[in-house]
Amino acid sequence: MRRFEYRIAAGLDEALAAASRPGTVLKAGGVDLLDRMKEGIERPALVVGLQQVLPAGVAEEGGGLVLGAGTTLAELERSPLLRERAPALARAAGEAATPQIREMATLGGNLLQMPRCLYLRSRHYPCEATDPGGGCPAREGEHETHALFENEGCSAVHPSNVAPALLALEAEAEVAGPGGGRHVGLAAWLGAGAEEGGRRPGEILLGLRLPGRALGDRCAHAEVRARQSFDWPLAMAAANFNLEQPRLVLGAVAPRPWPVAAPELLREIRERGPEAELLERLVTRAAAGATPLPGNAWRLRLLRAAARRAVLQALHVAEETW
Amino acid sequence: MDRRKRVVVLRVNGEVHERLVRSADTLLDVLRGGLGLTGTRRGCDLGTCGCCTVQVDGRPRLACLTLAAEVEGSEIRTVEGLARDGRLAPLQQCWIEAGASQCGFCSPGFLLAADRLVREEPEAGRERIREALAGNLCRCTGFVKILDAVEACLERARAGRREESPA
Ligand SMILES: Cc1cc2nc3c(=O)[nH]c(=O)nc-3n(C[C@H](O)[C@H](O)[C@H](O)COP(=O)(O)OP(=O)(O)OC[C@H]3O[C@@H](n4cnc5c(N)ncnc54)[C@H](O)[C@@H]3O)c2cc1C
Ligand code: SF4
């Protein structure tokens with residue numbers, strides 16, 4: 005790695021100042037950041053550690069749960085509170101990466117990590133995402149794991165394992181920014197919903213709040229991978245039937261977490277149970293509008309499988325063979 | 030002084046070391062270079078292979094993605110710290126008996142990941158062992174003997190406890 009100065013921010017003001025300073029990067033667990041620095045695609049002069057600034061842990065508050073942005077994936081996986089009240093999220097965290105990485109990676113860093121497009125992560129390729137007008141080598145090249153939706157421009161998928169479950173749990177983000185703090189729906193903050201409120205430059209994620217109405221054991225996360233473990237998901241889905249209006253959110257299929265708009269169908273499934281015909285309509289709806297690239301259309305079947313599994317598991321129905 | 034350097038105090042296997050390091054030095058750089066503890070291996074150096082697994086405050090972490098400057102005050106354990114008074118730990122003994130090392134390059138990382146499991150989950154079965162070792166890659170053994178070694182170690186400890194307190 006190129007040389008840099010390292011400082012641990014003593015307080016939020018110092019961290020916020022660093023977040024807006026050119027040549028400076030913020031570091032939480034550092035799994036993504038150090039990877040990028042070693043690859044030479046990130047060359048900061050100053051690295052500012054957030055360990056003393058970010059809250060960590062899972063706690064009950066006002067009937068819901070609050071999660072510090074500095075909580076590690078391993079802490080989420082192990083938390084008895086989360087396993088009981090938001091099992092989809094505990095599972096999503098526990099299936100990410102490897103045990104060692106889960107001990108280091110934080111919730112905030114997982115949501116904000118850079119996408120895994122191999123061209124983007126190599127300094128040898130110009131690409132649209134870092135160099136507007138640079139073109140997209142993935143379109144002609146390796147794009148098996150790239151987006152099935154919204155892939156006209158950059159088609160790298162949003163890589164976070166925990167994002168779909170968090171959106172299905174209607175998580176609200178607490179962020180600090182140069183202009184003050186605010187609370188905003190995580191979907192909006194990640195640009196994954198119709199609502200305004202996207203991430204602004206220099207903002208730091210402090211934590212997430214899961215409302216009480218979304219909690220309970222009728223939610224699940226399911227993912228499909230090439231290997232049993234230690235592999236990036238090829239498709240994932242989170243379903244939540246605890247809510248008055250149930251939700252289904254897909255992951256690893258678009259440049260952002262991908263909520264499925266099927267409110268009536270989801271309510272019908274909650275009322276009548278996951279009857280085969282209803283479920284078929286739902287997974288067809290989930291795949292609707294996809295614009296797969298030549299090398300990744302096969303993942304549409306995995307998307308359907310992930311959605312089906314998440315719904316069945318959320319409703320505690322044993323998965324039939326299909 | 031160059032602000033890209035700093036003095037760090039590291040506690041490794043119970044011993045305290047003070048070193049001048051670059052901010053860019055990872056824990057792996059300092060263990061191998063500064064402290065000469067070369068049991069911790071440099072494999073991919075990008076977080077993928079698990080060869081550099083050490084324990085920080087009892088939890089397995091990757092030394093290649095940990096800055097030396099941020100583990101000050103933590104208890105760091107490497108493979109050199111597993112044996113006590115010149116005697117191999119039971120896990121290491123089982124490793125040898127099962128033939129779990131071939132070229133041996135990945136063994137230290139596996140041992141540190143497995144040690145956490147053996148300490149914290151005495152009832153773990155094959156499935157849990159597989160999960161706990163999912164972050165370590167071995168290109169020689171095909172993994173089976175590694176799983177056998179850890180299973181044997183857990184089994185031996187359980188048998189020992191049964192003997193101590195027969196039901
Ligand atoms: C081998 C391997 C396999 C992996 N497999 C998976 C997988 O299956 N699923 C998955 O989801 N991930 C996977 N990952 C990625 C890993 O989970 C992420 O790199 C990790 O979660 C990042 O978290 P961090 O705390 O280390 O972030 P950092 O590297 O510290 O930060 C990442 C980015 O977010 C910014 N940031 C961090 N926290 C905040 C905050 N609170 N506010 C504002 N900005 C912030 C940083 O400035 C940086 O740009 C894998 C990684 C590796 C190396
Ligand atoms: S998919 Fe996006 S990140 Fe990958 S090469 Fe194309 S523009 Fe770049």
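Residue numbers (our numbering), protein chains in the order written: chain A, 5 to 326; chain B, 30 to 196. The C-beta atom is built at its ideal place from N, Cα and C for all residues, glycine as well. Computed from a prediction, not measured in an experiment: that's the story for all the values here.
Legend entry - Val-166/A versus Arg-89/A: straight-line alpha-carbon distance, rounded: 15 angstroms
Legend entry - Where Cys-223/A sits in the DSSP three-state scheme: strand
Inset, instruction - Starting from the N-terminal side, write out each stretch of the beta strand (DSSP E) that is 3 residues or longer and does not extend beyond the stretch 144-188 of chain A. - result: 176-181
Inset, instruction - State the DSSP-derived secondary structure class of Pro-278/A, mapped to helix, strand or coil. - result: coil
Inset, instruction - Would you please verify whether the beta carbon of Pro-89/B is less than 9 angstroms from any beta carbon of chain A? - result: yes
Legend entry - Against chain B: residues of the stretch 163-174 of chain A by CB proximity under 7 angstroms: none
Legend entry - Environment of Thr-107/B [buried if 16+ CB atoms lie within 10 Å]: buried
Legend entry - Own chain partners of Ala-78/A with C-beta closer than 6 angstroms, once the 5 adjacent residues on each side are dropped: Arg-106, Glu-107
Inset, instruction - Using beta-carbon positions only, say whether Asp-54/B and Leu-94/B come within less than 9 angstroms of one another. - result: no
Inset, instruction - For the beta strand (DSSP E) containing Pro-248/A, list its first residue and its last residue. - result: Inspection of the sequence shows that residue 248/A is occupied by Glu rather than by Pro. Note, Glu-248/A: premise wrong, no beta strand (DSSP E); not H, not E.
Inset, instruction - Output yes if chain A places a C-beta closer than 9 angstroms to the C-beta of Gly-79/B; else output no. - result: yes
Legend entry - Spatial neighbours of Ser-103/B in its chain, beta-carbon cut-off 6 angstroms, leaving aside the 5 residues before and after: Val-85, Asp-86
Legend entry - Assigned secondary structure, Arg-48/B (DSSP; H/G/I helix, E/B strand, else coil): strand
Inset, instruction - Round the Cβ separation of Trp-262/A and Leu-269/A to the nearest angstrom and send it over; I've been treating them as touching at under 8 angstroms. - result: In fact, because the Cβ distance is near 16 angstroms, the residues do not count as touching under 8 angstroms.
Legend entry - Interface flag, Glu-46/A vs chain B, CB-CB below 9 angstroms: no
Legend entry - Asp-36/A to Gln-117/A span [Cα, whole Å]: 6 angstroms
Inset, instruction - Would you check if the distance between the CB atom of Glu-227/A and the CB atom of Met-240/A is smaller than 9 angstroms? - result: yes
Legend entry - Pro-141/A, buried or exposed, once every other Cβ within 10 Å from all chains shown has been counted against 16: buried
Inset, instruction - Counting only runs of 4+ residues fully inside the stretch 13-78 of chain A, write out the alpha helix (DSSP H) ranges in chain order. - result: 16-23, 35-43
Legend entry - Cβ-based contacts, 8 angstroms cut-off: residues of the stretch 94-127 of chain A near chain B: Ala-101, Thr-102, Pro-103, Gln-104, Ile-105, Glu-107, Met-108
Legend entry - Nonlocal neighbours in the same chain, by C-beta distance under 7 angstroms from Ile-158/B, ignoring five residues either side: Leu-146, Leu-176, Val-179, Glu-180
Inset, instruction - Buried or exposed for Ser-194/B, please, with buried defined as at least 16 other CB atoms from any protein chain shown within 10 angstroms of its CB. - result: exposed
Inset, instruction - Please check if any C-beta of chain B sits within less than 9 angstroms of the C-beta of Asp-39/A. - result: yes
Inset, instruction - Scan the stretch 90-105 of chain B for residues whose Cβ lies nearer than 9 angstroms to a Cβ of chain A and list them as they occur along the chain. - result: Arg-90, Leu-91, Cys-93, Leu-94, Thr-95, Leu-96, Ala-98, Glu-99
Legend entry - Contacts that Tyr-129/A makes with chain B (C-beta to C-beta distance below 8 angstroms): Neighbours of Tyr-129/A on chain B: none; closest Cβ ~18 angstroms, over 8 angstroms.
Legend entry - Where Asp-52/B meets chain A, residues with beta-carbon distance less than 8 angstroms: Note on residue identity: the sequence assigns Ser, not Asp, to residue 52/B. Correct list: Arg-7, Phe-8, Glu-9, Tyr-10, Val-51.
Legend entry - Best match in Gly-68/B, Arg-88/B, Val-59/B for proximity to Gly-133/B [C-alpha to C-alpha]: Gly-68/B
Inset, instruction - Using 8 angstroms as the cut-off, classify the Cβ of His-150/A as near or not near the heavy atoms of ligand 2, replying yes or no. - result: yes
Inset, instruction - Classify Arg-190/B as buried or exposed, calling it buried when 16 or more other Cβ atoms lie within 10 Å of its own Cβ. - result: exposed
Legend entry - Per-residue contacts from Gly-15/A into chain B (C-beta, under 8 angstroms): Here the premise fails: no neighbours, minimum Cβ distance about 17 angstroms.
Inset, instruction - Answer yes or no: do Ile-208/A and Glu-99/B have a C-beta to C-beta separation smaller than 9 angstroms? - result: no
Legend entry - 8 angstroms contact criterion, which Ala-258/A and Glu-154/A should meet: CB distance rounded: 5 angstroms
Legend entry - Min CB distance Asn-165/B to chain A below 9 angstroms: yes
Legend entry - Neighbourhood of Trp-326/A by C-beta, 6 angstroms cutoff - its chain only, sequence neighbours within 5 removed: Bear in mind that the predicted position of Trp-326/A carries a pLDDT of just 46, short of 50, making it unreliable; the figure below should be weighed with that in mind. So no residue of the chain qualifies.
Inset, instruction - Pull up the distance between the alpha-carbon of Gly-293/A and that of Val-264/A, whole angstroms please. - result: 11 angstroms
Legend entry - Residue(s) in a DSSP beta bridge with Arg-35/B: Val-50/B
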